[in-house]
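A.B. asks: Counting with the numbering used here, you get residues 216 to 570 for the letters of the sequence shown.
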Amino acid sequence: MHYERKILITGGAGFIGSHVVRLLATRYPHYHIINLDKLTYAGNLENLRDVEQLPNYTFVRADICDHERMLELLAHYEVDGVVHLAAESHVDRSIRDPFTFARTNVMGTLSLLQACSRVWEQSPEGYRGKLFYHVSTDEVYGALPLDGGMFTEQTSYDPHSPYSASKASSDHFVRAFHDTYGLPIVITNCSNNYGPYQFPEKLIPLFINNIVQGRPLPVYGRGENVRDWLYVEDHARAIDVVLHRGRVGETYNIGGHNEWRNIDLVHLLIETTDRLLGRPVGSSEGLISYVKDRAGHDLRYAIDASKIEQELGWKPSLQFAQGLELTVRWYLEHRDWVEHITSGVYGEYYQSVYG
Ligand code: NAD
Ligand code: TYD
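1) Between which two residues does the beta strand (DSSP E) harbouring R460 extend?
2) Assign S532 to one of three DSSP states: helix, strand, or coil.
3) Reducing DSSP to helix, strand and coil, say where E287 ends up.
4) Could you check whether L359 and A517 sit closer than 7 Å to each other, using their CB atoms as the reference points?
5) Taking the beta strand (DSSP E) that Y467 falls in, what are its first and last residues?
6) For D295, count neighbouring C-beta atoms within 10 Å of its own C-beta (all shown protein chains included) and say buried if the count is 16 or more, exposed if not.
7) If you measure from the CB of L300, is any heavy atom of the ligand NAD nearer than 6 Å?
8) Look at the alpha carbon of P415 and the alpha carbon of E554, and state the distance between them as a whole number of angstroms.
9) Less than 7 Å separating the beta-carbons of L254 and R276?
10) One question on the structure: do F316 and S309 come within less than 7 Å of each other, judged by their Cβ atoms?
11) Between the segment 271 to 285 and the segment 477 to 494, do three or more beta carbon pairs fall short of 8 Å?
12) Quick one: any contact between the segment 383 to 398 and the segment 420 to 427, if contact means 3 or more CB pairs under 8 Å?
13) Of all the options L539, R220, H247, which has the alpha carbon lying nearest to the alpha carbon of P411?
14) Quick one: Cα of L257 to Cα of R462, how far?
15) DSSP three-state call for R550: helix, strand or coil?
16) On the DSSP letters alone, give me the boundaries of the alpha helix (DSSP H) that Y378 sits inside.
17) Can you find the residues in the same chain that come closer than 6 Å, C-beta to C-beta, to L527, ignoring five residues on each side of it along the sequence?
18) Are there any heavy atoms of the ligand NAD lying less than 6 Å away from the beta-carbon of G323, as far as the coordinates show?
19) First and last residue of the alpha helix (DSSP H) that includes L223?
20) How about I249 and Y292: do their beta carbons lie closer than 7 Å?
21) With hydrogens ignored, establish whether the beta-carbon of L288 is closer than 6 Å to any heavy atom of the ligand NAD.
22) In chain order, what residues of the same chain lie with their CB nearer than 6 Å to the CB of V321, ignoring the 5 residues before and after it?
23) The alpha helix (DSSP H) that contains S504, what's its start and end?
24) Regarding P360 and the ligand ADP, is the C-beta to nearest heavy atom distance less than 6 Å?
25) Which value, in whole angstroms, describes the spacing of the CA atoms of L533 and A451?
26) Give the range of the beta strand (DSSP E) segment to which I402 is assigned.
27) What do you get for H234, buried or exposed, if any count of 16 or more other CB atoms within 10 angstroms of its CB means buried?
28) Tell me the residue span of the beta strand (DSSP E) that contains S351.
29) Using the Cα positions of R311 and H305, report the straight-line distance between them to the nearest angstrom.
30) Compare the Cα-Cα distances from Q329 to each of E340, M365, L289, E354 and report the closest residue.
31) When the Cβ atoms of the segment 257 to 269 are set against those of the segment 228 to 247, are three or more pairs found closer than 8 Å?
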């Protein structure tokens with residue numbers, strides 16, 4: 216089979232990656248979509264059951280830190296585009312285990328960059344028609360005050376957690392490969408995502424799960440921190456747009472224009488979940504439990520997404536109440552998915568933390 220493009224997606228068995236794989240594999244049957252994932256606790260092939268039979272989809276289990284393997288796979292599949300999502304992604308874990316974050320997010324990204332650079336340089340057309348697309352986060356910009364400001368593409372980097380420091384470092388390496396070797400790259404920095412298939416250690420799926428089970432909802436500090444939430448399928452659409460029309464060497468911020476104080480979000484989540492469970496509305500309010508604040512907890516994130524909106528015509532499609540309702544419904548209808556990934560082999564980490 217001759218494919219028009221061969222796109223390697225790293226971290227495609229994770230939360231956002233699985234949505235990107237699904238979108239690209241179904242929308243572009245003339246592309247070969249290769250999903251490369253190590254299948255850590257956060258990567259789960261059950262996220263892709265509906266995709267695995269597609270003829271243009273291939274899964275490869277590999278670690279991005281394994282440089283020799285990256286060289287081999289890029290050459291074998293004649294990859295011309297990489298969408299790099301593989302990472303350790305949870306801030307609380309990074310506080311407990313920063314080394315793993317440096318290994319995967321920094322050294323893993325470097326391993327992949329160097330492999331792309333080597334393999335593409337040696338191809339007959341060189342870097343022409345190639346792209347290394349690095350998926351990053353708004354957390355590299357640090358924290359904003361409650362009373363104003365937004366992150367733009369010009370905002371200086373100021374990461375505070377080991378997670379955001381490792382992502383910032385990987386962003387710098389990606390730009391360095393562009394500036395030093397001419398590697399064609401593009402970077403996007405996105406705000407907090409929510410939606411189906413998110414591992415229930417992050418705020419929204421963890422709290423839905425706990426509401427269902429009548430367990431405490433651990434709100435850090437006073438619940439005053441603000442996050443800018445985007446529905447994951449909107450992020451996947453943005454990645455599709457940037458992959459095809461983003462300008463090489465550029466950075467695009469992606470966000471939902473949707474800022475919520477954690478505690479207000481928790482009230483909305485309780486209301487939505489209780490209603491969909493047929494419980495008296497607000498009956499789970501008593502589960503809210505204020506706990507010790509996260510160390511180095513960034514106060515507020517907010518994205519100015521006007522560059523991608525104006526240049527590439529992307530904008531979020533869903534209102535938050537709609538997206539949240541879709542998400543809660545999905546988690547209620549996929550209790551088996553939640554059970555499976557929070558127990559057994561996938562759940563080893565989950566059990567150790569949430570017991
Ligand atoms: P996730 O933790 O759900 O998934 C990460 C995936 O990477 C998993 O499938 C895991 O198995 C895989 N992986 C981890 N280490 C690997 C390695 N060494 N080699 C190969 N695969 C490996 O993460 P996510 O929330 O889907 O985030 C994906 C990307 O998007 C990350 O780079 C993250 O920094 C970025 N991002 C996430 C958010 C968010 O709100 N979740 C927001 C902005 C940007
Ligand atoms: P999270 O989903 O971990 O994403 P991030 O830290 O990348 O923004 O957390 C979102 C917000 O919710 C953040 O301000 C921390 C807070 N939070 C809690 O209050 N309790 C929790 O149990 C979790 C996981 C997060």
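Glycine included, each C-beta is placed from N, C-alpha and C at the ideal position.
On a predicted model such as this, the values are computed, not experimentally measured, just so you know.
C.D. replies: In terms of the structure at hand:
1) Translated into the one-based positions of the sequence shown, residue 460 becomes position 245. Not the beta strand (DSSP E): R460 falls in the alpha helix (DSSP H), residues 447 to 460.
2) For the purposes of this step, residue 532 is taken as the residue at position 317 of the sequence shown. Reduced to three states, the DSSP call for S532 is coil.
3) Numbered from its first residue, the sequence shown carries residue 287 at position 72. It is helical.
4) On the sequence shown, residue 517 is found 302 positions in, with the first residue counted as 1. On the sequence shown, residue 359 is found 144 positions in, with the first residue counted as 1. Yes, these two residues count as a Cβ contact at 7 Å.
5) Numbered from 1 along the sequence shown, position 252 holds the residue referred to as residue 467. Segment 466 to 469, the beta strand (DSSP E) holding Y467.
6) Position 80 of the sequence shown, counting from 1, holds the residue named residue 295. With 16 or more other Cβ atoms within 10 Å, it is buried.
7) Translated into positions along the sequence shown, residue 300 becomes position 85. Yes - the ligand NAD has a heavy atom lying nearer than 6 Å to the Cβ of L300.
8) The count along the sequence shown starts at 1 and reaches residue 415 at position 200. The count along the sequence shown starts at 1 and reaches residue 554 at position 339. Going from the Cα of P415 to the Cα of E554 covers about 10 Å.
9) For the purposes of this step, residue 254 is identified with residue 39 of the sequence shown, where counting begins at 1. For the purposes of this step, residue 276 is identified with residue 61 of the sequence shown, where counting begins at 1. In this structure, R276 lies closer than 7 Å to L254 by Cβ.
10) Taking the first residue of the sequence shown as position 1, residue 316 is located at position 101. Taking the first residue of the sequence shown as position 1, residue 309 is located at position 94. It is a contact, given that the beta carbons lie within the stated cut-off.
11) no
12) no
13) Mapped onto the sequence shown, residue 411 falls at position 196. When each option's Cα is compared against that of P411, the closest is L539.
14) Locating residue 257 in the sequence shown gives position 42, counting from the first residue. Locating residue 462 in the sequence shown gives position 247, counting from the first residue. Note on residue identity: the sequence assigns Ala, not Leu, to residue 257. Going from the Cα of A257 to the Cα of R462 covers about 31 Å.
15) Numbered from its first residue, the sequence shown carries residue 550 at position 335. R550 falls in the helix class under three-state DSSP.
16) Stepping through the sequence shown from its first residue, residue 378 is reached at position 163. Taken as a continuous stretch (DSSP letters only), the alpha helix (DSSP H) holding Y378 covers 377 to 396.
17) Here residue 527 refers to the residue found at position 312 when the sequence shown is read from its first residue. Hits under 6 Å: V456, R460.
18) Your numbering for residue 323 matches position 108 in the sequence shown. Yes.
19) Here residue 223 refers to the residue found at position 8 when the sequence shown is read from its first residue. No alpha helix (DSSP H) contains L223, which is instead part of the beta strand (DSSP E) from 220 to 225.
20) For the purposes of this step, residue 249 is taken as residue 34 along the sequence shown, with counting starting at 1. For the purposes of this step, residue 292 is taken as residue 77 along the sequence shown, with counting starting at 1. Contact: yes.
21) Counted from its first residue, the sequence shown places residue 288 at position 73. No, Cβ of L288 sits at least 6 Å from all heavy atoms of the ligand NAD.
22) By 1-based counting over the sequence shown, the position of residue 321 is 106. Hits under 6 Å: S381, S384, S385.
23) In the sequence shown, counting from the first residue as 1, residue 504 sits at position 289. Note, S504: premise wrong, no alpha helix (DSSP H); beta strand (DSSP E) at 503 to 506.
24) The model depicted lacks the ligand ADP and carries the ligand NAD and the ligand TYD instead.
25) For this step, residue 533 is matched to residue 318 along the sequence shown. For this step, residue 451 is matched to residue 236 along the sequence shown. Taking the straight line from one Cα to the other gives about 13 Å.
26) Reading the sequence shown from its first residue, position 187 is the one you call residue 402. 400 to 405 is the extent of the beta strand (DSSP E) around I402.
27) Locating residue 234 in the sequence shown gives position 19, counting from the first residue. It counts as buried.
28) As a first step, residue 351 is located in the sequence shown; it is residue number 136 there, counting from the start. Taken as a continuous stretch (DSSP letters only), the beta strand (DSSP E) holding S351 covers 346 to 352.
29) The count along the sequence shown starts at 1 and reaches residue 311 at position 96. The count along the sequence shown starts at 1 and reaches residue 305 at position 90. Taking the straight line joining both Cα atoms gives about 10 Å.
30) Taking the first residue of the sequence shown as position 1, residue 329 is located at position 114. Here the closest residue by C-alpha is L289.
31) yes
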